[in-house]
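Every letter in the sequence shown is one number past the one before it in this note's numbering, and letter 122, counting from 1, is 187.
Ideal Cβ positions, reconstructed from N, Cα and C, are used throughout, including at glycine.
Below: one structure, written as structure tokens.
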Amino acid sequence: MKKWLYILLIFFWAIPSGFAQLKTYTFEQAEKSSKENPKPFVVFIHTSWCNYCKMMENSTFKNSEIIALLNDNFYFISFDAESKEDIHINNHTYQFKPNGQNTGIHELATALATINSQVVYPTVTILQTDFSIVFQKGSFLSGKELIAILKKIK
66 MKKWLYILLI
76 FFWAIPSGFA
86 QLKTYTFEQA
96 EKSSKENPKP
106 FVVFIHTSWC
116 NYCKMMENST
126 FKNSEIIALL
136 NDNFYFISFD
146 AESKEDIHIN
156 NHTYQFKPNG
166 QNTGIHELAT
176 ALATINSQVV
186 YPTVTILQTD
196 FSIVFQKGSF
206 LSGKELIAIL
216 KKIK
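Set out below in structure tokens:
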């Protein structure tokens, strides 16, 4: 009986440490944390209906090297472009703007995911601590591509 208890205890102790967890922030949390420990922001702009967004969530952002890079060197924000919550950052309030009967887009998504006058999903935008955009890419990014970008910017 003790043997099984020890095996079970070791199993539960080892499993969580074997899986790296990506630390995500809200915009407000990241802005507040950045005042104490300045790091760039990586913003992943997505929607619930975007297949390429889901692919990135399930592959790119599950990569242990990406998780380590993001957790150590950036504030990672996963942002649903159709979120209806007001967001107050950098002395400005951004709101959801309806554009039809159950459709719309958040102003912040428009500000961060507009490329060539069109909002693109998924978009990865990297911001400096002053909220200036230093990188923006609107398409699926593989783990290898994102690792190269993050290493170049950090």
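About 12 Å separates the beta carbons of L173 and I198, which is beyond the 8 Å limit, so they are not a contact pair.
Look at the segment 112 to 144 and you find these whole runs of alpha helix (DSSP H), each 4 residues long or longer: 116 to 123, 129 to 138.
Rounded to the nearest angstrom, the gap between the Cα atoms of I170 and I154 is 17 Å. Residue pairing by DSSP places K202 opposite V189 in a beta bridge. The Cβ-Cβ distance between F141 and T194 does not fall below 7 Å.
Judged by DSSP in its simplified three-state form, F92 adopts helix. Taking a 10 Å sphere around the C-beta of H111, we find 16 or more other C-beta atoms and assign the residue as buried.
Looking from the CA of P105, the closest CA among A95, S113, W114 belongs to A95. The C-beta separation of L135 from V107 comes to about 6 Å, placing the pair in contact by the 8 Å criterion. Taken through DSSP and simplified to helix, strand or coil, T168 comes out as coil. Spatial neighbours of T179 in its own chain (CB-CB distance under 7 Å, excluding positions within 5 residues in sequence) are not present. Around the beta-carbon of M121, 16 or more other beta-carbon atoms lie within 10 Å, marking it buried. G165 and T158 have their alpha carbons spaced roughly 22 Å apart. Taking 7 Å as the cut-off, the beta carbon of G208 is found no closer than this to the beta carbon of V185. Residue pairing from DSSP leaves Q160 without any beta-bridge partner.
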